[in-house]
Every structure is written in structure tokens, then in C-alpha cells.
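*Asks:* Mind looking over this structure? Questions follow.
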Amino acid sequence: MSKRDYYEVLGVERGVSDDDVKKAYRKLALKYHPDRNPGDTEAEASFKEAAEAYEVLSDPEKRQTYDRFGHQGLGGAFASGGFNWSDFSHAGDFEDIFSSLDDIFGGGIFGDIFGSRGGGRRGPQRGEDLRITLPLSLEEIAEGVQKKIKLTRLDRCDTCDGSGAKAGSQPVPCETCGGAGQVRQATRSLFGQFVNVTTCPRCAGEGTSIAQPCSSCGGEGRVKSQTSLSVNIPAGVSEGNYIPLRGQGSVGRRGGPSGDCQVFVQEVEHDQFERHGNNVVYDLPISFSQAALGAEIEVPTLGGKAVMKVPAGTQSGQVFRLRGKGIPDVNGYGSGDELVRVMVWTPKKLNRQEQEIFEELAEHENSAPPEGGKGFFDRLKDVLSG
């Protein structure tokens, strides 16, 4: 079968720069790499074809020869027998091209193909993060508050000063990884020997082990302890927001840095107010006479009492707005409002005098309820959107 044109393989035009050749090859190599396409023979063939094209077009002399004479001008190096990894002379370029794959495949996966070795010991590991849930009332959320929290975490062992080793002894190189902190497992494929590098399971990447462990911490270098911290909660936080306390989590094993503590906000359900974003809704019960005649009524807010004027002819379900009486925006963009929902209550029992008054009122009623009036939820929606 005739070979494809190398420029066509890489998807570039003749005369393209060396950098563009390298970019085109990198794109194809990332796409067709065997570790990304396990068991896909077509991908392996495409990967090998791209490497062959790059081997020629990245070399000025080979490229010049190929431009003049085509595949036959290469003296049979790839013309009949095809490309072999032993022909690949750009190991440095290859490793540079695949440097971004180290995190994907564990680091240094091409080391044994080209005689280099990647990776290294990881050293002491960072401690665990802690997650704390902190219940807050709407009043606390509206004002902002400083709260005390109690933590159970792992702190540095005072007996061994975090080393994990018994007094007078020292950590020794890990027997499994020889102090490297990593173990390597080699596998062979059509492209040579590939090496999978993983963290050493025995020393967790530290490269050392404890021959004589500390009696207080058992070689961990840390012990369980309880502590109290103060945390400042800004006004306007919401359910699910969290405040990060850097370095207040558990300390890492054997001298590793501490993790963080994340304090998550939990809103406590209020017995009077209902939160909608930065607005709060309050149900205000009023009598028939107050609704019909109007009144000035004291209503609660998150910051204390406020007087609200109820105009004559107020309907049940009508919503009034107390501006700025809601919850401050957590980013400092003003405050929400308190939406007061009027609920006209009907007495369940009437004495004789009250009954006579309502009977007389009924005789003089000359107005019918409006047609097509909006319900409460429509009114509330209008207020919230306005």
C-alpha cells in the first residue's frame, strides 16, 4: 500500500514552519496516543504514522530530501519496512511535546522509551481539609456575626515533633521505592516499553518509612486534638456559602502542611420571616376595620420594629414593601426589602353586639368584589419583579 504524503498526515501545507510542524504533530499524538485509546489498532496506526511524518519533517536534511524526491528519496529508511521507534531521533522534542501528559499518565511515561527518567519523591503530604456546618438565624445573617466553633482535627505530635520516629531514631529510606516516593511498572506495546509511575503505596510518596515509631502517634507524626476557633461571618451569606479558614485543617503526616477548614452556612428556618434572595416576606394579620378604614401598624423587621401605614381599602393578600429592611447583599451592593403580606382575618365567633354591627353593615354594602382580581402569588410576583 502506498504511503500517504507526510504533509497530508500532519495536516499542514508544504513550506510550513518547524513550529507549526511540531504543533500539528503534538495535536495528533495527543489524539491517537495508545494510553488514550487502549486496544484501538487504528489509533495506534495513526499514532505511528504521525511519528514517522514528524521524524522526517522535523529534520531539515530529511525534509529537504523528501521535498525533492518524496518517499523514495529517503533511501528506503521508511519506504518499505515502515517506521520503527528505533528510527526516532527526536527524543528531546518528544518529551517536550508530551510534558503536559505527565499529570494524565503519572509522569515520565516515556522515560524508558528514550532512556530518561521522570518523576521524583513527593515528600510530606498535605493534611486533610475539614468541613463544618454552622447554623445561623436570619438575624445573624442580616447583621453579620462572629461565632466560635469547635474542631476535632489531627495536630502535630509534640513527642516526636511531627517526625513520627521514636526519640533518638530517624526515618529510613522506604524499602519498596528505595526513597523515590514512586513505583514504576513497565509494560510493552508496539511502540516499545511504557512505564506507569504511581505513588508508592507503602510510604505514600514520602520516600521514607519509620523503623522505630513514636509511641504517642504510632509513626503518624500527628495526634487527634480538639480546639476552638473564631470565624467572622459577613452579612448577607446564603445557605451553602462557606468561609475558608486556611491552614486550620488537619496537619499532614510527618511534617506535612495543614489542610483547610471550610465553614458552611446553614440557614435556620425562621418562625416569622421567609427569605427570597435578599428579600424577606412577613405575613401581617389585620382586622376588617383596619383593612377598610386604614391604620398605622407596628411590624417586626430583622433589625427591630417599624411602623407601616396600611391605606384604607387594603385587600387581603396585598403586598407592601419596606425598602432596605431585608438582607444586605454579601458583595456590598445595598440591601434587600421586607415584603409585608397583608392577611385580613375573619373572627370565628361574634358576640351579639358584633353580630348586629356586621348585619347592619351588610344592609349598607353597595360594592361588589372586583372581577378578575389577582391572587396573592400574582401580587407577590409583581412586587418581587418590581
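Following the working numbering from start to finish, the sequence shown increments by one per residue and tops out at 699. Ideal Cβ positions, reconstructed from N, Cα and C, are used throughout, including at glycine. These numbers were taken from a predicted model, which means no experiment stands behind them.
Count the other CB atoms, across all protein chains shown, that sit within 10 Å of the CB of R279; report buried if there are 16 or more and exposed otherwise.
*Replies:* No information on residue 279 is available, as it lies outside the stretch 314 to 699 that the chain covers here.
*Asks:* Let me know if E321 comes out buried or exposed under the rule of 16 or more other beta-carbons within 10 Å of its beta-carbon.
*Replies:* Around the beta carbon of E321, fewer than 16 other beta carbons sit within 10 angstroms, so the residue counts as exposed.
*Asks:* Pull up the CB-CB distance for G358 and N350, whole angstroms please, since I reckon it's below 8 Å.
*Replies:* It should be noted that the sequence gives Ala, not Gly, for residue 358. Not quite, the Cβ-Cβ distance comes to about 11 Å (not below 8 Å), so this is no contact.
*Asks:* Leaving out five residues on either side along the sequence, give the residues of the same chain with a beta carbon under 8 Å from the beta carbon of P486.
*Replies:* G492, G520, T521, S522
*Asks:* In terms of DSSP beta bridges, what is I599 paired with?
*Replies:* The partner list for I599 (beta bridge, DSSP) reads V657.
*Asks:* Between the Cα of E488 and the Cα atoms of G518, T500, I462, N554, which residue gives the shortest distance?
*Replies:* For E488, the nearest C-alpha among the options comes from G518.
*Asks:* Please report the Cβ distance between G568 and G534, rounded to the nearest whole angstrom; I am assuming they are in contact, meaning their Cβ atoms lie under 8 Å.
*Replies:* 6 Å
*Asks:* What number of angstroms, rounded off, separates the C-alpha of L652 from the C-alpha of L597?
*Replies:* 10 Å
*Asks:* Express the C-alpha separation of D584 and A548 in angstroms, rounding to a whole number.
*Replies:* A548 and D584 have their C-alpha atoms roughly 20 Å apart.
*Asks:* Find out if the Cβ-Cβ distance for the pair Y367, L323 is shorter than 8 Å.
*Replies:* yes
*Asks:* For R339, name the three-state secondary structure that DSSP assigns.
*Replies:* helix
*Asks:* Please report how far the alpha carbon of Y319 lies from the alpha carbon of L343, in whole angstroms.
*Replies:* Their Cα atoms are separated by approximately 18 Å.
*Asks:* Can you tell me where the alpha helix (DSSP H) with T489 in it begins and where it stops?
*Replies:* Careful: T489 lies outside any alpha helix (DSSP H) and carries neither H nor E.
*Asks:* Could you tell me the distance, in whole angstroms, from the CA atom of G572 to the CA atom of G565?
*Replies:* 7 Å
*Asks:* How would you write the range of the beta strand (DSSP E) that S541 sits in, first residue to last?
*Replies:* Residues 535-546.
*Asks:* Starting from K461, follow the beta strand (DSSP E) in both directions and report where the run begins and ends.
*Replies:* Where K461 is concerned, the enclosing beta strand (DSSP E) stretches over 458-469.
*Asks:* Under a three-way DSSP split, which group does K316 fall into?
*Replies:* coil
*Asks:* Among the candidates K479, A337, N644, E582, whose CA atom is the shortest distance from the CA of S528?
*Replies:* K479
*Asks:* Measure the beta-carbon distance from E632 to R654 and round it to whole angstroms, keeping in mind my assumption that it falls under 8 Å.
*Replies:* Rather than Glu, the amino acid found at residue 632 in this sequence is Val. Cβ atoms of V632 and R654 come within 8 Å of each other, at about 5 Å.
*Asks:* Take L414 and list the residues in its own chain whose beta-carbon comes closer than 6 Å to its own, dropping the five residues that flank it on each side.
*Replies:* Note on L414: pLDDT 48, under 50, position unreliable in the model; no value is reported.
*Asks:* Hey, S563 and L451 are a contact pair by Cβ (cut 8 Å); roughly how many whole angstroms apart?
*Replies:* 33 Å between Cβ atoms; not a contact.
*Asks:* Would you please state the rounded distance, in angstroms, between the beta carbons of A455 and P641? I believe it to be under 8 Å.
*Replies:* 7 Å
*Asks:* Closer than 8 Å by C-beta to G553: which residues in its own chain qualify, once you throw out the five before and the five after it? Chain order, please.
*Replies:* F577, V578
*Asks:* Let me confirm a value: N592 is counted as buried when at least 16 other C-beta atoms fall within 10 Å, else exposed. Which label applies?
*Replies:* Buried, by the Cβ-count rule.
*Asks:* Between which residues of its own chain and R559 is the CB-CB distance below 6 Å, once the five residues before and five after are set aside?
*Replies:* D573
*Asks:* Please report the Cβ distance between G477 and C530, rounded to the nearest whole angstrom; I am assuming they are in contact, meaning their Cβ atoms lie under 8 Å.
*Replies:* 6 Å
*Asks:* Within this structure, are the beta carbons of S538 and I462 separated by less than 8 Å?
*Replies:* no
*Asks:* Looking only at its own chain, which residues have a Cβ that is under 8 Å from the Cβ of T659, when we skip the five neighbours before and after it?
*Replies:* F601
*Asks:* Return the chain-ordered list of same chain residues with a C-beta closer than 7 Å to the C-beta of V325, the five sequence neighbours on each side being excluded.
*Replies:* D333, V334, A337
*Asks:* According to DSSP, what are the bridge partners of K622?
*Replies:* E609
*Asks:* Can you tell me which of the three DSSP states V329 falls into?
*Replies:* coil
*Asks:* For G617, which residues does DSSP report across the bridge?
*Replies:* Looking at the DSSP assignment, G617 forms a beta bridge with T614.
*Asks:* Just the C-alpha distance for I670 and E676, rounded to the nearest angstrom, thanks.
*Replies:* 10 Å
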